[in-house]
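Q: Dropping a structure here in structure tokens format, bear with me for questions.
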Amino acid sequence: MLNFSKIKIVLIYLSFLAVSFFCFSNISDSNNFFLKKKINLGLDLQGGSYLLLEVDSTPLQKRQIQSKVIPLKKKLIENNINYKNFKIKENIILFEINTDEKERFEKFFKDKNNDINIYLNQYRSFELDYVFEKNLVKIFLSKNGIIKLNTSAVDQSIEIVRKRIDETGTKEPSIIKRGSNRILVELPGIKDPERIKELLGKTAQLSFRMVTDDKTEFGIETFILKDTQEKISVSKRIILTGDNLIDANPKYDNINQEPIVAFTLNRLGSQRFGQATSKNIGKRLAIILDNEAISAPVIRDAITGGQGTISGNFTFQSATDLSLLLRSGALPAPLSVVEERTVGPDLGQDSIDAGVFSLIIGFFLVIIFMIIKYRLFGLIANISLISNLLMLIGFLTLLEATLTLPGIAGIILTVGMAVDANVLIFERIKEELRKNISNNIQAFDLGFKRSVVTILDANITTLIASIILFIFGSGPVKGFAVTLSIGLITTLFSAYFISRHLTSIIVLRNREKKFLI
Amino acid sequence: MKKEYNYNFIKKFKMANLISIVFVLISLILIIFKGLNFGIDFKGGTLIELRVESNNIKINDIRSAFSNMDLGDLNVKEFGKKGDYLIKFEKKEFNKAVNIKSIKESVVNKLGVDVNFRRIENVGPKVSAELLNSGLIAICLALGAMLFYIWIRFEWQFSLGSIVAIFHDVLITIGIFSILSLEVNLSIVAAVLTIVGYSMNDTVVIYDRIRENLSKYSSSTIDDVSNTSINETLSRTIITSVTTLLALGSIYVLGGEILKGFSLAMIIGVIIGTYSSIFVASPILKYLRVSYKSIAKEEEKN
Chain A
710 MLNFSKIKIV LIYLSFLAVS FFCFSNISDS NNFFLKKKIN LGLDLQGGSY
760 LLLEVDSTPL QKRQIQSKVI PLKKKLIENN INYKNFKIKE NIILFEINTD
810 EKERFEKFFK DKNNDINIYL NQYRSFELDY VFEKNLVKIF LSKNGIIKLN
860 TSAVDQSIEI VRKRIDETGT KEPSIIKRGS NRILVELPGI KDPERIKELL
910 GKTAQLSFRM VTDDKTEFGI ETFILKDTQE KISVSKRIIL TGDNLIDANP
960 KYDNINQEPI VAFTLNRLGS QRFGQATSKN IGKRLAIILD NEAISAPVIR
1010 DAITGGQGTI SGNFTFQSAT DLSLLLRSGA LPAPLSVVEE RTVGPDLGQD
1060 SIDAGVFSLI IGFFLVIIFM IIKYRLFGLI ANISLISNLL MLIGFLTLLE
1110 ATLTLPGIAG IILTVGMAVD ANVLIFERIK EELRKNISNN IQAFDLGFKR
1160 SVVTILDANI TTLIASIILF IFGSGPVKGF AVTLSIGLIT TLFSAYFISR
1210 HLTSIIVLRN REKKFLI
Chain B
79 MKKEYNYNFI KKFKMANLIS IVFVLISLIL IIFKGLNFGI DFKGGTLIEL
129 RVESNNIKIN DIRSAFSNMD LGDLNVKEFG KKGDYLIKFE KKEFNKAVNI
179 KSIKESVVNK LGVDVNFRRI ENVGPKVSAE LLNSGLIAIC LALGAMLFYI
229 WIRFEWQFSL GSIVAIFHDV LITIGIFSIL SLEVNLSIVA AVLTIVGYSM
279 NDTVVIYDRI RENLSKYSSS TIDDVSNTSI NETLSRTIIT SVTTLLALGS
329 IYVLGGEILK GFSLAMIIGV IIGTYSSIFV ASPILKYLRV SYKSIAKEEE
379 KN
């Protein structure tokens, strides 16, 4: 165990140097490929905001169920099923059929090629589920149908969330999907996420509809106008939605200098808007945003150029925000913040200071203790500890890992536990020396050999725990698992190669002298 | 040459086990009846850490600035430096009328001074339930994985012994958190998992030695073998706990308020873990009648 070939020695120190070299890239400004890598600071250290958003797909579910009504009725008639009392309650379609019709219903409803209850190949299940209660049939979205709806809503939302955040000028936001219905947004350096939360909290579904009392065609809804508090009834027929918008900007109105939003429509939108406005001159057009009527101006002229404005008691800020929302597009469903963690930059800096300070002190305490306890071999343990620390930081840089406050704690803990490997070896050698062994070399040889298994066992157990923590932990705690796991690996390397090599140098020079440790 | 340790641990096993059983029982009773002081991670709610530079603001002013806002159960405490406060309240979900923005504005208005909101955390009810769940799953998985590892590496008596020792450590650590009403949050789960790893590590070192010595001194009783093995590894056991505790103590004292709970849990866990590998894990081998013969038989079977 004490004989190292020259090649081995070179390899050991080369790999040590290669890894620990990356420590320096953290303090270098160079843009060189090797020096570019840096340890990322977690939000708890650099300050910033962590927002977990959840898509509320209930309105989507309702819409999805509603979209099934007409084709379903058609299909029932096609199959000679006499349904009665057809109605929709929340997200459930209800109707009654005769007992002998149930079989026919099931036959078409569970056909994998039917176009109402779509078979979802990736989930191996249907989009809809149904139950019979005597003659009553209840149809609702299946578990996987909801998951699919959520997933597609999240996929659509992510792009829009990114656009909205980019519009605010936030640097390096990270926006990722979490599970089937969540989006994780990390905003480094943001001190106050309130504006972003406000922007993300609105779906910004815009529609233009006529003010009318005529219930016959599509039905009407009543709204209270936001600017004048007037009660208006609005047709359910949508002339235009925000989807037809290609641009929106805040402006001041020429006449009374009020902030307004000026928008530009795409070609299809311009055509439709032109037609609707030319047919309805003198009537009022309601502008509905997220189920709120913001204004209902009277149409004075046909608007054919695809340019229009929205007024509605805006401040310049709210006009700016609305323009931003309209530019980035509507969210398919409302997003709500289910978890939020914001750390100010000064607390982050305080945490770094405290963390680094306690790391330095902890490190020196351990080093001093080892010197007192083992003298010369304490020095070896300490050299191995320092190289361990350098390699740990080097690895973190190489992987561009995220360092969090618990992560710093993980490094300190590694310092405390890393000497264990050395202690196991030294104690074992001591024991061997006490026995009737002829010379130092044999004792060291046996000591190393016998302690290796124990060192592996002992470190693997801690590694198992920290890998599980890495899988299940979230945010800062994950950072702890990262540093602890890497620390265990560098510990094994530095104990098995570096300590052993340094020990071998001393032992080979002192073959006869007894009891070195 | 320093004399090697030669304490008689066996004589103290009975007493130590009795104490352990009492402590575990008390911990269980505390955990069941007194419960744990869950932080917002697991209970849901909101946490605000703020700093006021003005000397005229007292803790009561902070408390009254937050009251009358219908925030539910409110808890205000000083946090580290003078002028730093930690405010926790029950309110989990916000709406247009009451939200973080409105709370911040109202607090600044009521206090009439500049307030530095250093940290704001809000955990909704769904997420907190999920975090608690995944924390528990993580701990169970870690225990299971340890059991599995030790089961392939050692004989079943050893796995049972080490698992009992881990349960002992984790339960008493949580029991201490219960009796002192210390906050249990995500970082405590991390601490518990690390304690599991550390305790296992410590136990494995002694078990390795016991197994080695069982075959070396095949005619000796398990009592003698345990005692020799504990003594032989005692020096290492102590040194490693000391260096680990030095590192943890440094985090506890100097690492800032946020790491206090975590490092305290670890300190408690390391002390108990060290104790248990000697006084819990080793006697169990004796109770399970481990001997050179039983080990040889097991090995033959495998």
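Protein chains in written order, with the working numbering: chain A, 710 to 1226; chain B, 79 to 380. All C-beta atoms, glycine included, are put in the ideal place defined by N, C-alpha and C. Given the structure is predicted, the values throughout are model-derived calculations rather than measurements.
(1) Kindly indicate if chain A contains any beta-carbon less than 7 Å away from that of residue 142(B).
(2) Straight-line CA distance for residue 838(A) to residue 850(A)?
(3) List the residues of chain A whose Cβ lies closer than 9 Å to the Cβ of residue 166(B), in chain order.
(4) In the DSSP assignment, the alpha helix (DSSP H) including residue 230(B) goes from what residue to what residue?
(5) Can you tell me which of 349(B), 89(B), 228(B) and 301(B) puts its alpha carbon nearest to the alpha carbon of residue 286(B)?
(6) Taking the beta strand (DSSP E) that residue 966(A) falls in, what are its first and last residues?
(7) Locate the alpha helix (DSSP H) running through residue 824(A), then write down its first and last residues.
(8) Just how far apart, CA to CA, sit residue 290(B) and residue 1104(A)?
(9) Kindly say whether residue 728(A), judged by its beta-carbon, lies nearer than 7 Å to any beta-carbon of chain B.
(10) What are the boundary residues of the alpha helix (DSSP H) that residue 1115(A) is part of?
(11) Identify, in the order they occur along the chain, each residue of the same chain with its Cβ nearer than 8 Å to the Cβ of residue 1071(A), setting aside the five sequence neighbours on each side.
(12) Does DSSP put residue 81(B) in a helix, in a strand, or in coil?
(13) Taking CB distances under 7 Å as the criterion, tell me whether residue 289(B) reaches chain A.
(14) Between the Cα of residue 234(B) and the Cα atoms of 366(B), 173(B), 179(B) and 132(B), which residue gives the shortest distance?
(15) In terms of residues, what are the limits of the beta strand (DSSP E) holding residue 958(A)?
(16) So which residues on chain A does residue 265(B) lean against when the C-beta distance must stay under 7 Å?
(17) My output table needs one value for residue 1048(A): the three-state DSSP class, helix, strand or coil.
(18) Using a Cβ-Cβ cut-off of less than 7 Å, give me the residues of the region 1047 to 1066 of chain A that come near chain D, in sequence order.
(19) Compute the Euclidean distance between the alpha carbons of residue 842(A) and residue 203(B), then round it to the nearest angstrom.
(20) Using beta carbons (cut-off 7 Å, strictly below), is residue 1125(A) in contact with chain B?
(21) Let me see if you follow: with CB-CB separation under 7 Å, is residue 1196(A) close to chain B or not?
(22) Please name the residue in 124(B), 106(B), 165(B) and 236(B) whose C-alpha comes closest to that of residue 292(B).
(23) How is residue 984(A) classed by DSSP in three states: helix, strand or coil?
(24) Along the region 312 to 323 of chain B, what residues have a CB closer than 8 Å to any CB found in chain A?
(25) Run through DSSP, which three-state label would residue 1009(A) get?
(26) Let me check understanding here. Comparing Cα to Cα, which of 1099(A), 1073(A) and 1012(A) lies closest to residue 972(A)?
(27) Taking the alpha carbon of residue 170(B) as the point to measure from, which residue in 157(B), 148(B), 275(B) and 182(B) has its own alpha carbon closest?
(28) May I have a chain-ordered list of the alpha helix (DSSP H) segments no shorter than 4 residues that lie completely inside the region 299 to 346 of chain B?
(29) Using DSSP with H/G/I as helix, E/B as strand and the rest coil, what is residue 384(B)?
(30) For chain B, check one thing: does any of its Cβ atoms lie closer than 7 Å to the Cβ of residue 764(A)?
(31) Please classify residue 736(A) as buried or exposed, where buried requires at least 16 other C-beta atoms within 10 Å of its C-beta.
(32) Consider the Cβ of residue 1202(A): report whether some Cβ of chain B lies at a distance smaller than 7 Å.
(33) Is the region 924 to 941 of chain A touching the region 994 to 1003 of chain A, taking contact as three or more C-beta pairs under 8 Å?
(34) Tell me the start and end of each unbroken beta strand (DSSP E) in the region 1055 to 1117 of chain A that is at least 3 residues and wholly inside, in chain order.
(35) Thinking C-beta only, is residue 250(B) closer than 7 Å to residue 101(B)?
(36) Touch check for the region 1016 to 1031 of chain A and the region 152 to 169 of chain B: three-plus C-beta pairs under 8 Å?
A: In short:
(1) no
(2) 6 Å
(3) Those do not exist, as residue 166(B) stays about 14 Å from chain A at its closest Cβ, beyond 9 Å.
(4) Looking at the DSSP string, the run of the alpha helix (DSSP H) that includes residue 230(B) is 203 to 231.
(5) 228(B)
(6) Where residue 966(A) is concerned, there is no enclosing beta strand (DSSP E), because DSSP gives it neither an H nor an E.
(7) No alpha helix (DSSP H) contains residue 824(A), which DSSP labels as neither H nor E.
(8) The straight-line gap from Cα to Cα measures roughly 36 Å.
(9) No, residue 728(A) lies away from the interface with chain B (no Cβ there is under 7 Å from its Cβ).
(10) 1114 to 1143
(11) 1121, 1124 and 1125
(12) Residue confidence for residue 81(B) is low, a pLDDT of 49 falling below 50, so the modelled location carries little weight; the figure read from the coordinates is stated next. Coil at residue 81(B), not helix or strand.
(13) no
(14) 366(B)
(15) 954 to 961
(16) 1115 and 1186
(17) strand
(18) Here the protein chains are A and B, and chain D is not one of them.
(19) Taken atom to atom, the span from the alpha-carbon of residue 842(A) to that of residue 203(B) is near 34 Å.
(20) yes
(21) no
(22) 236(B)
(23) helix
(24) Flagged, chain order: 313, 314, 317, 318, 320, 321, 322 and 323.
(25) coil
(26) 1012(A)
(27) Comparing Cα positions, the closest option is 148(B).
(28) Runs found: 300 to 332.
(29) Summary: the structure shown does not reach residue 384(B), with chain B confined to residues 79 through 380, and so no result is reported for it.
(30) no
(31) exposed
(32) Chain B contact via Cβ: absent.
(33) yes
(34) none
(35) yes
(36) no
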